[in-house]
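Engineer:
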Amino acid sequence: MQKLLRILFLLVVCTSTRIFAADIKSIGVPYIENYPKSVYSSGNQNWSIAKDKNGVMYFGNAEGLLTFDGRYWQKYQMPNRQIVRSVATDDSGNIYTGGFGEFGYWAIKNNKLSYNSLTKLLPNGIKIDDEIWKIYVDRDRVIFQSFSKIFIYKNQKIEVVKSPSSFLFLHKVNNRYLIEVLEKGLFELVGNKLIHLPNSEKLGKEGILSILPYKTAGLIIGTSKNGLFTYDGKDFAPLNTPANSYLKTYQLNNGVSLLGRYYAYGTILNGLIIIDENGRVVQRINKSSGLQNNTILSLYADNEQNLWTGLDNGIDRIELNSPLYFYFDKTGQFGTVYSSIIFNNKIYLGTNQGLFYSEWSPTNLLPFNFRLIPNSQGQVWELAVIDNELICGHNNGTFKVIGDKIEWVSRTTGGWTMKKLNSNPNYLVQGTYTGLSLFTESAGAGLKFVTKIAGFNAPSRYVEQDNKGDIWVAHAYKGLFKLTLSPDYTGVTSTKYFDEKNGLPGNYNINIFNLENKIVFSSDAGFYTYDELSNKFTKYEALNKNLGSFETSNKIISAGAKKYWFINHGKTALVNFSEPGKVEIDSNQFSILDGRMVQYYENISRISNSIYLISVDDGFVIYNPTAELNNQKQKLPAVLIRRVEDITDKFSLISEAGNTDEITEIQNSRNNIRISYALPYYRQAKVKYQFYLEGYSKSWSDWSYATQKDFTNLSSGTYTFKVRAKIDNNTASGETVYTFTILRPWYLNNWAILFYAILFVVVLIMGKKIYERKLQRDSQKITDRLQAEQEERLRKEAETSEKQIIKLQTEKLQAELASKNRELANSAMTLVYKNELLQKLSDDITKLKDENGKKLSEDQTRKIQKVINDGMNDERDWHLFENSFNEAHESFFKKLKAQHPDLVPNDLKLCAYLRMNMSSKEMSSLLNISLRGVEIRRYRLRKKLEVPHDKNLTEFLMEL
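Residues 1485 to 2444, numbered by the numbering used here, are exactly what the sequence shown covers, in order.
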């Protein structure tokens, strides 16, 4: 049964290998990603490489252990800062490392990666005083190998395997362990015994540096000086391969099996080579083709078809089976590439320095040797195959390329682009610096220049013919021209110019292309089409909406079979229109070409149905989509929680074990954290992330390229952080979950809550007593307040009664005053009436006559007049009036005399009469003076009293 299961397992493995294994191309070099020392911030040399079950890469570095997850690099130093010469991982998450006099493993302890030395388990009397060069995990045991001993770690014990001579390197091939014993040959480690392999002396004494599985059950063995050998289980034989001379010359140093049927060998002096099972050299990769350094210290092939190289100075990742293969002119031999093409087993590069060529073989690895074709110096604009002839559009004119020579076709300068006329395929139109040129093509004579088309002299960068036979020409800075040609195509009969007035967004960089037999016009505002009836340009919304960010592309190049290259100012996409109503855009795998093509002169030529030649600034790129990995069917690794950091006031590490089942507890005072995460996917792709924090977020975040997130002022509680990733906006990973707890603050922990409960009971009892006392005090206060309110009410009632009495008294006084005023007025009026009567008697006496009719003499009337005058000036009347006036206005004369002491009695009388608002006539009667005398007295009184001019004297005295 077990044997049957093993056979089934081998069948599955072989089938899987055939499914996923693909060819490594010989043309160009696969994509190489460089990780210089400045990126990983550690030592130059990288001696070993491993990968764990989570997808994290580990490197044995000159300064310690390096880890890389696709986004973050971390360095961990050995106890005595030893160089890490070897590294391996197991399924439990342990990372084994070895250096000088030291070996052990790294594991998560207290949420951090910590080192655990195993040297303390060495048997008594055994010391390790050299480097540990190899480590292998073999089920339940781990094998550590130095040049003097082999240490086998199992069940917390170490067993030592010694040899009578020094070891070189231990090699693992499937489940076998082979090691060279110097001067003794090749041995196999079985259990804790070394068993010699017969005939291994044929391998020589120069050092076995690589042993790999070969074909069905054999071995391929790499030696330092004698090349490659094969082993069939019985005997050793040299492998006849061209790689031998390369490996001998440049010193083979290590090897690794690739994709089940290829082998990569690193050298000391010249990078690495890749050969197939038959020994054919498939790739040569060194510093001139993209490596940072030619000394390969370590090699590792991962499960994502990446070949990792640990260099003497840096780390590189080679993307095996990449759809893009590169060739760069590192020496600057041919300048900037504007056009490239493959024709008749030669590859031609049109550059700013001229036309270069080299031999081309799609099957055999030929070193490119580009040479300048004589007399082709200068700017090459276009290379195109027209009816099996290679035509070169040049700054100096147009040439026909025949092998390594060129022949003139036209001397019209600036052959930008050449297009066959749809209306007559025997004719071709070429756009040049000075207008259009006409050519003919015939089977016998080939391409012939006819004439320069008359009537149009503007520079013609882009030229297309529409379905009506009109020629559209784009000027870089002056909009568009539509030309109608004469029947013989030699002249322009009609020219129409189009600019912003016709609906174009501007005059600059309007280009013309034929997209599925439809003329479209590119601009920075999107694609436009022309409507013949309205003579206007309108946006091609159906196309623009489907293209997304590529709607502003400045160039379209046909890729055949309803596919087109869209180039948007340095960014490239392959767009497929095969399915009606659906547009498929592939731009992610071409992101490494961004900005590497000559802007506005981008060139992509089709070599075959599935292979394309892409011109870049300093070389070319081969695109072969059949070599592309089917990422949509790949299961992505899980996103890794790499670090959880406290960012409250200073950065400190909380956890490096975010993918464990343990719940991390964080102090409440440190509730500001940063979570860093990464997808351990290393091939070229755009990786986006989305996260969700249960207990904090309301929904998943937007997809973004960010690989860390800060959460601040988290309240106490348990949170679950979820994160997922997707590559190229397509394949998505599963969710990674990380749970952590923000502890309650110290004043809310269990002891604090118990204390609060006891305190609450005590406070409750004390509160009851305090309440009862307060109730008594409040009752007394209420009684006191009621009594005070009663007293206050009585006081207010008394005040009200007193005010009523005062009011009545006031009213009585006012009534008495009014009565006195009336009496005073009556008295005054009586005096006035008396004086008026006496005055009338005085006047009548003067008119009396005797019996003779004569007036009486003064002597006769004097006595009577005296009596009358005495009556009119009787001071008793004044005193009586003064007494009455004082009773009514008791303080008037006092105030008047106090303020004006110079007033005489007559002034006081006048003031009293004025205060009573008497008329001048009444006052003249009382004062026994004339009205004129009253006015004079009034005038004098104003001056004495200093009454203002605008003030009435009577009002002044009444206000006194």
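Where is the CB? At the ideal position from N, CA and C, for every residue including glycine.
To the nearest angstrom, how far is the alpha carbon of Val1766 from that of Ser1510?
Structural biologist: About 5 Å.
Engineer: Buried or exposed for Val1497, going by 16 or more other Cβ atoms inside 10 Å?
Structural biologist: Because the pLDDT of Val1497 is 36, which lies under 50, any placement of that residue in the model is unreliable, and the number read from its coordinates should be weighed accordingly. Flag for Val1497 reads exposed.
Engineer: Looking at the unbroken alpha helix (DSSP H) that takes in Met2407, where does it start and where does it end?
Structural biologist: First-last of the alpha helix (DSSP H) with Met2407: 2404-2411.
Engineer: Would Gly1881 pass as a contact of Ser1894 if the rule is Cβ separation under 8 Å?
Structural biologist: In contact: Gly1881 and Ser1894 (Cβ atoms closer than 8 Å).
Engineer: Can you give the beta carbon distance from Leu1775 to Ala1748, rounded, assuming they're within the 8 Å contact cut?
Structural biologist: The pair is not a contact, with the Cβ atoms about 12 Å apart (cut-off 8 Å).
Engineer: Using the three-state DSSP reduction, which class does Pro2389 fall into: helix, strand or coil?
Structural biologist: The answer is helix: DSSP assigns Pro2389 an H, G or I state.
Engineer: Any contact between the stretch 2150-2168 and the stretch 2199-2218? By contact I mean 3 or more CB pairs, one from each, below 8 Å.
Structural biologist: Short answer: they touch.
Engineer: Assuming Glu1615 and Gly1583 form a contact by the criterion Cβ under 8 Å, report the distance between their Cβ atoms to the nearest whole angstrom.
Structural biologist: Sure, about 7 Å apart at Cβ, within 8 Å.
Engineer: Using a 10 Å radius around the Cβ and a threshold of 16 neighbouring Cβ atoms, would you call Ile1692 buried or exposed?
Structural biologist: Buried: at least 16 other Cβ atoms inside 10 Å.
Engineer: State the CB to CB distance for the pair Asp1716 and Gly1702, rounded to an integer number of angstroms; the pair is presumed to be in contact (CB under 8 Å).
Structural biologist: That pair is a contact at about 5 Å.
Engineer: Rank Phe1552, Tyr1832, Lys1962, Trp1531 by C-alpha distance to the C-alpha of Tyr1519 and give the top, closest one.
Structural biologist: It is Phe1552 whose Cα lies nearest to the Cα of Tyr1519.
Engineer: Looking only at DSSP bridge pairs, what is Ile2041 linked to?
Structural biologist: Trp2049.
Engineer: Helix, strand or coil: how does DSSP classify Val1523 here?
Structural biologist: In the structure shown, Val1523 sits in a helix (DSSP, three-state: H, G or I).
Engineer: Considering just the uninterrupted stretch of the alpha helix (DSSP H) at Ser2517, what are its terminal residues?
Structural biologist: Lying before the first or after the last residue shown, residue 2517 is absent from the chain, which here runs from 1485 to 2444.
Engineer: At the level of alpha carbons, what is the spacing between Lys2291 and Glu2443?
Structural biologist: Approximately 24 Å between the Cα atoms of the pair.
Engineer: Could you tell me the alpha carbon to alpha carbon distance between Tyr2460 and Asn2197, rounded to whole angstroms?
Structural biologist: Coverage of the chain is limited to positions 1485 through 2444, which leaves residue 2460 absent and any answer about it impossible.
Engineer: Who are the Cβ neighbours of Thr2191 in its own chain at under 7 Å, not counting the five residues just before and after it?
Structural biologist: Hits under 7 Å: Arg1555, Ser2160, Tyr2161, Ala2162, Tyr2173.
Engineer: Mind reading off the beta-carbon distance from Ser1769 to Val2067? Whole number of angstroms is fine, and I expect it under 8 Å.
Structural biologist: At residue 1769 the sequence reads Ile, which differs from the Ser that was named. Not confirmed; about 37 Å, so no contact.
Engineer: Unbroken beta strand (DSSP E) runs of length 3 or more, entirely within the stretch 1575-1603: which are they?
Structural biologist: Fully enclosed beta strand (DSSP E) runs of 3 or longer: 1579-1583, 1586-1593, 1596-1601.
Engineer: Are the beta-carbon atoms belonging to Ala1958 and Ile1994 less than 8 Å from one another?
Structural biologist: Result yes, Cβ atoms of Ala1958 and Ile1994 sit closer than 8 Å.
Engineer: In three-state DSSP terms, what is Lys2435?
Structural biologist: Lys2435 falls in the coil class under three-state DSSP.
Engineer: In the DSSP output, what is Asn1518 paired with across the bridge?
Structural biologist: Looking at the DSSP assignment, Asn1518 forms a beta bridge with Asp1800.
Engineer: Check for me: the alpha helix (DSSP H) holding Tyr2457 runs from which residue to which?
Structural biologist: For the chain, the structure presents residues 1485 to 2444; residue 2457 sits outside this window and is missing.
Engineer: Taking 8 Å as the cut-off, does the stretch 1778-1787 touch the stretch 2045-2057 (at least 3 CB pairs, one atom from each stretch)?
Structural biologist: Result no; under three Cβ-Cβ pairs closer than 8 Å.
Engineer: I think Tyr1515 touches Ser1806, with their Cβ atoms under 8 Å apart; what is that distance to the nearest whole Å?
Structural biologist: Confirmed, about 5 Å.
Engineer: So the candidates are Leu1549, Asp1575, Gly1739, Gln1558; which of them puts its Cα closest to the Cα of Arg1569?
Structural biologist: Nearest C-alpha to Arg1569: Leu1549.
Engineer: State the Cα-Cα distance for the pair Gly1898 and His1878, rounded to the nearest angstrom.
Structural biologist: About 6 Å.
Engineer: Asn1993 lies in the alpha helix (DSSP H); which residues open and close that run?
Structural biologist: Per DSSP, Asn1993 belongs to no alpha helix (DSSP H) and is neither H nor E.
Engineer: Taking DSSP as the reference, what is the three-state secondary structure of Lys1537?
Structural biologist: Note: Lys1537 maps to coil in three-state DSSP.
Engineer: Please report the distance separating the alpha-carbon of Met2407 from that of Ser2285.
Structural biologist: Approximately 46 Å, taken between the alpha carbons.
Engineer: With a cut-off of 8 Å on the beta carbons, I'd call Asn2401 and Thr2438 a contact; round off their distance for me.
Structural biologist: With a Cβ gap of about 6 Å, Asn2401 and Thr2438 count as contacting.
Engineer: Is it true that the CB of Tyr1589 sits closer than 8 Å to the CB of Ile1627?
Structural biologist: Cβ atoms of Ile1627 and Tyr1589: not closer than 8 Å.
Engineer: Rounded to whole angstroms, what's the CA-CA distance from Val2004 to Ser1824? Just pull it up for me.
Structural biologist: C-alpha separation (whole angstroms): 25 Å.
Engineer: Going by beta-carbon coordinates alone, are Leu1681 and Glu1667 separated by less than 8 Å?
Structural biologist: For Leu1681 and Glu1667, no; Cβs fall outside 8 Å.
Engineer: Using only the alpha-carbon positions, how far apart do Asn1659 and Pro2109 sit?
Structural biologist: Cα to Cα, the separation comes out at about 36 Å.
Engineer: Pick helix, strand or coil for Trp2187, following the three-state DSSP scheme.
Structural biologist: Note: Trp2187 maps to coil in three-state DSSP.
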